[in-house]
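Here's the structure, in structure tokens; my notes come after.
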Amino acid sequence: MTGHRPPPGHRDAADRPSVNEVLAHALDGQRLRIVASLIATTGDWDLAEDAVADATERALRLWPIDGVPDNPAAWLTVTSRRRAIDLIRRADTERTKLATLGGLQLRGGPDPGTDMTFLADDRLRLIFTCCHPALRIEARVALTLKVVAGLSTAAIAHAFLTTEETMSQRLLRAKRKITNAAIPYRIPSPSMLPERLEGVLAVIYLIFTEGYAANVVDLADEAIRLGRLLVELMPASDEARGLLALMLLQHARRDARTVDGELVTLEHQDRSRWDAGAITEALMLTQLAGSSRGTYRVQADLAARHAAAGDAASTDWPVIVTLYNELLRLAPSPIVVLNRAIAVGMSDGPLAGLAALDELAKEPKLTGSHLLPAARADLLARAGLKAEAVSALDQAIVLARTDQERRQLTRHRGELTREI
Amino acid sequence: MKYMMFVANDPEAAADETGEGTLDIETWVQANDAAGRRVMGERLRPVEDATTVRRRGGKVLVTDGPFAESREWIVGFDILDCRDLDEAIEIASQHPNAATGRIELRPFWQPADDAG
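If you want it as structure tokens, here you go:
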């Protein structure tokens, strides 16, 4: 335990950050470490979260009176640990003691073989446990946001448009299953690691895309923070870097994606409104090559090619087509075929693009989606077949899912009919 | 942690599934018995030979067949004693029926469990 600073007085209070700021900063770096190590030693998730919450409350009460400790992070760690010990001692039910003992036994010793390959870090174990495939996907997302990102139950419930009651039940059931089914608190064995890491990346990307779908930008920010943490904890994983770069590049376009609430397609976005700092960070990440390339890495490379181009015309479309070919080999999907066809249209001309679209004509996953007729309309217009383009747009307008999409397509239709 | 491992057939499993990554049943049994992770296990007679027993209003009701009519049924079981769920998943995923059918892992009820 470090000593406390002398009471304020000999320094101008205005020079120093407020207690709240110091506490927020210390928690930012330390909360997850404390929670992870308390779960590792006690096996009790609620106890770990309660202990940190209590220590935070205590800091808010004591620091304004006693002064901020020299090492706020260490103070929080020590106070949380003491609080955890108190809570265990005070636990009067047999069940709690047994659960704690069970947790300690379950955890067993460290796994030198796998842990040393990466950083032997309790935070990484915690991430793998929260994203374990034996939990439902909604539970994995909720648990990761609550325990790893440190969001409140109320904030998570709000982001997922549900009640706090429902969300806390979801978290409770997930924690119970972890205990009752003995979901481990360790980094998966080498044979399971690639699949499990894919699962972790999927949870983080789901949080990111959910942020956009529900228009909750905070959620996208949390996903990027989680992506950064994973890159820090697994520096050897090229896919973790790829995911972070992909999210940064997509997020960099957030301010250019709409103008006055109206959607603007990539081609017509004002690129000066892209976040240059985020793009630079992402491009640096994509320059580090891994031993094998996965889907996030390829998608990041695609986004990086767009980010590096000054406008749609100067984009290196042949390279984009090559990257889509690579993505199709790794993870074939109708959407990738569609995006590849658009790139072919830019690279080899609209007629080649239309030919590439033809293979999707009977694709069941795209019937009912506006994406296919919208892409056809774009290619037809470029080919000078404006009347055909307008009729494809009419189909797309009927199928559009949101008013924003419908208005964007209608504007495009208006431009085309004026040109005919 | 002990797990009941239910081994079921799966009429919808692809016929061309190669079973890559699984062991043949003799090797699987021997390896897990030797490692002390398989407590016991048996193959079960098909559902035609199953009998369902209930007691309702004091009366015993006996019917022919399994709990529920379904195209899949339990063909056998093993009791595993594992360090944690990941170890049980690893063992289950090497069972030949993981490729041709499906496997359910159910942890044993622990003395400390209350609400479940």
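Chains as they are written, first to last, in my numbering: chain Y, 251 to 670; chain B, 1499 to 1614. Cβ coordinates follow ideal geometry from the N, Cα and C atoms, glycine included.
| Asked | Found |
| --- | --- |
| Close beta carbons around residue 1552(B), own chain, < 6 Å, minus the five adjacent residues each side | 1559 |
| Beta-carbon spacing of residue 433(Y), residue 384(Y) below 7 Å | yes |
| Residue 589(Y) to residue 663(Y) span [Cα, whole Å] | 21 Å |
| Beta-carbon proximity of residue 1630(B) to residue 1573(B), cut-off 7 Å | As shown, chain B starts at 1499 and ends at 1614. That puts residue 1630(B) outside it, with no answer to give. |
| Interface partners of residue 286(Y) on chain B, CB under 7 Å | Chain B residues near residue 286(Y): none, gap ~17 Å exceeds 7 Å. |
| Beta-bridge pairing of residue 1507(B) - partner residues as DSSP gives them | 1599(B) |
| Helix, strand or coil at residue 1538(B) [DSSP, three-state] | strand |
| Of the listed residues 615(Y), 460(Y) and 528(Y), nearest to residue 558(Y) (C-alpha basis) | 528(Y) |
| Contact check, residue 477(Y) vs residue 454(Y), beta carbons under 7 Å | yes |
| DSSP bridge partner residues for residue 1572(B) (one or two, in chain order) | 1506(B) |
| Reference residue 473(Y), options 631(Y), 654(Y) and 400(Y), closest by Cα | 400(Y) |
| Close Cβ partners of residue 1586(B) (< 8 Å) along its chain, the five nearest in sequence each way excluded | 1499, 1501, 1503, 1578, 1580 and 1603 |
| Between the CA atoms of residue 276(Y) and residue 408(Y) - distance to the nearest angstrom | 26 Å |
| Beta-carbon separation (whole angstroms), residue 483(Y) vs residue 371(Y), contact threshold 8 Å | 6 Å |
| Cβ of residue 575(Y) within 7 Å of any chain D Cβ | In the structure shown, chain D does not exist; the protein chains are Y and B. |
| 7 Å Cβ cutoff met for residue 517(Y) and residue 464(Y) | no |
| Proximal residues of chain B, C-beta to C-beta of residue 439(Y) below 8 Å | 1584 and 1588 |
| Endpoints, the alpha helix (DSSP H) within which residue 569(Y) is located | 567-580 |
| Among 274(Y), 394(Y) and 335(Y), nearest to residue 376(Y) - alpha-carbon criterion | 394(Y) |
| As assigned by DSSP and simplified to three states, the class of residue 600(Y) | helix |
| Chain Y within 7 Å of residue 1509(B), Cβ atoms only | no |
| Unbroken stretches of the beta strand (DSSP E), 3 residues or longer, contained in the region 409-493 of chain Y | none |
| Span separating the alpha-carbon of residue 362(Y) from that of residue 390(Y) | In this predicted model, residue 362(Y) has a pLDDT of only 34, less than 50, meaning its place in the structure is not dependable; the value taken from the coordinates is given anyway. Spanning the two alpha carbons is a distance of roughly 26 Å. |
| Neighbour list for residue 1564(B) in chain Y, Cβ cutoff strictly below 7 Å | Near residue 1564(B) there are no residues of chain Y at all, since even the closest Cβ is about 25 Å away, more than 7 Å. |
| Short CB-CB distance (under 7 Å) between residue 1594(B) and chain Y | no |
| Supposed contact pair residue 1508(B) and residue 1546(B) - C-beta distance, whole angstroms, cut 8 Å | Incorrect: roughly 18 Å between the Cβ atoms, too far for contact. |
| Burial state of residue 359(Y) (16 or more Cβ within 10 Å) | Bear in mind that the predicted position of residue 359(Y) carries a pLDDT of just 39, short of 50, making it unreliable; the figure below should be weighed with that in mind. The residue in question, residue 359(Y), is exposed, as its Cβ has fewer than 16 Cβ neighbours within 10 Å. |
| Cβ-based burial, residue 293(Y) [other Cβ within 10 Å; buried from 16] | buried |
| Chain Y contact for residue 1538(B) (CB, 7 Å cutoff) | no |
| Residue-chain proximity (residue 1499(B), chain Y), Cβ-Cβ < 7 Å | yes |
| DSSP-derived helix/strand/coil call for residue 545(Y) | helix |
| Backbone secondary structure at residue 1559(B) - three-state DSSP | strand |
| Close beta carbons around residue 492(Y), own chain, < 6 Å, minus the five adjacent residues each side | 546, 547 and 550 |
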